Amino acid sequence: MDLFTFFRSSTSYRLRIALAFKGLDYTPHYVSLPKMEHRQDSYLALNPQGLVPALVDDGAVYTQSLAIMDYLDETHPSPPFLPQAAADRAYVRALSQIIGCDIHPLNNVRVLKYLQGRWEFTDAERDEWYQHWIAEGLRNFEAMLNSSGKAGRFCCGDTVTSADICLVPQLFNAQRFNCDLSPYPRSNAIMAACMELPCFEQTQPKYQPDAF
Ligand SMILES: N[C@@H](CCC(=O)N[C@@H](CS)C(=O)NCC(=O)O)C(=O)O
22 MDLFTFFRSS TSYRLRIALA FKGLDYTPHY VSLPKMEHRQ DSYLALNPQG
72 LVPALVDDGA VYTQSLAIMD YLDETHPSPP FLPQAAADRA YVRALSQIIG
122 CDIHPLNNVR VLKYLQGRWE FTDAERDEWY QHWIAEGLRN FEAMLNSSGK
172 AGRFCCGDTV TSADICLVPQ LFNAQRFNCD LSPYPRSNAI MAACMELPCF
222 EQTQPKYQPD AF
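Residue numbering for the sequence shown follows this note's numbering, beginning at 22 and increasing consecutively.
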């Protein structure tokens with residue numbers, strides 16, 4: 022498999038964790054977002070959406086990190102990203118979508134660039150925007166962890182699921198934007214538990230060959 026990744030991209034980090042969790046080897050290809058390599062023709066030929074990550078498996082291109090995780094789970098079922106019970110699976114999917122659908126899209130590079138380019142946000146205003154949506158999303162995430170009765174060492178009991186794989190990269194990005202994470206003790210504790218595992222630890226942004 023070939024993974025098109027950028028070290029600081031949280032959606033790329035999701036896939037680095039996911040592949041490591043399943044013990045799958047891949048060849049990384051580094052796509053620099055600051056250098057706009059994701060908008061070059063050669064990359065657009067691979068992923069017309071011009072976003073990382075992308076995965077190539079057996080000659081076929083897969084995009085959208087959550088869809089790629091579903092693909093990996095279906096082609097390599099063990100260990101699974103989802104728990105057994107339907108109710109638990111719905112809970113894990115809901116947590117994953119708080120990150121993937123409600124937080125991340127609002128704080129993406131192109132959104133932040135548009136706010137600055139079109140609406141003349143200063144760096145401070147951009148950061149306030151970022152911090153606002155992080156706070157709202159993580160407050161909801163933490164509330165769901167607390168009210169579900171399902172959280173344990175990880176988001177769902179004591180086994181890693183896709184919810185953990187979405188949470189940790191988002192917290193890394195939130196730290197980079199100096200968000201106050203103290204209101205989310207349960208999420209922080211889950212992140213600490215995740216970081217004890219090599220699949221989270223070794224795939225983090227600073228260890229990537231393209232990190233600067
Ligand atoms: N929903 C997509 C989002 C992918 C995405 O937006 N990736 C970011 C990096 S985390 C990106 O390529 N941004 C480039 C840009 O916004 O121009 C996924 O989960 O794969």
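Here a beta-carbon is modelled for each residue, glycine too, at the ideal position from N, C-alpha and C. Please read all numbers here as calculations on a predicted model, not as lab measurements.
Residue i: first and last residue of the uninterrupted alpha helix (DSSP H) it sits in
{"i": "Y51", "result": "Careful: Y51 lies outside any alpha helix (DSSP H), inside the beta strand (DSSP E) at 48-51."}
{"i": "V132", "result": "130-139"}
{"i": "C220", "result": "219-222"}
{"i": "G173", "result": "Run containing G173: none; DSSP gives neither H nor E here."}
Beta strand (DSSP E) segment containing residue i, residue limits
{"i": "F25", "result": "23-26"}
{"i": "A81", "result": "81-84"}
{"i": "L76", "result": "75-78"}
Supposed contact pair residue j and residue i - C-beta distance, whole angstroms, cut 8 Å
{"i": "Q70", "j": "T84", "result": "6 Å"}
{"i": "V73", "j": "F42", "result": "Contact doesn't hold; Cβ gap of about 19 Å is too wide."}
Residue i: CB within 7 Å of a non-hydrogen atom of ligand 2
{"i": "Q85", "result": "Ligand 2 is not part of this structure, which contains only ligand 1."}
Burial state of residue i, where buried means 16 or more other Cβ atoms lie within 10 Å
{"i": "A39", "result": "buried"}
{"i": "G158", "result": "buried"}
{"i": "M239", "result": "This structure cannot settle anything about residue 239, because the visible part of the chain is limited to 22 through 233."}
{"i": "Y228", "result": "exposed"}
{"i": "K56", "result": "exposed"}
Review point. Are the segment 207-225 and the segment 134-143 touching by the rule of at least three beta carbon pairs closer than 8 Å?
Key: No, they do not touch.
Exercise for review: Inspect the CB distances between the segment 94-107 and the segment 180-199 and report whether three or more fall short of 8 Å.
Suggested key: Yes: the two stretches touch, three or more of their Cβ pairs being nearer than 8 Å.
Exercise for review: Indicate whether the contact test is met: 3 or more Cβ pairs, each with one atom in the segment 110-118 and one in the segment 55-70, closer than 8 Å.
Suggested key: Here the segment 110-118 does not lie against the segment 55-70, with fewer than 3 beta-carbon pairs under 8 Å apart.
Point to revise | the segment 146-159 in contact with the segment 126-133 per 3-pair CB rule at 8 Å | key: Contact annotation: the segment 146-159 touches the segment 126-133, with at least three C-beta pairs closer than 8 Å.
**Study point:** At least three beta-carbon pairs within less than 8 Å, the segment 24-35 to the segment 182-196
**Key:** They touch, by the three-pair rule.
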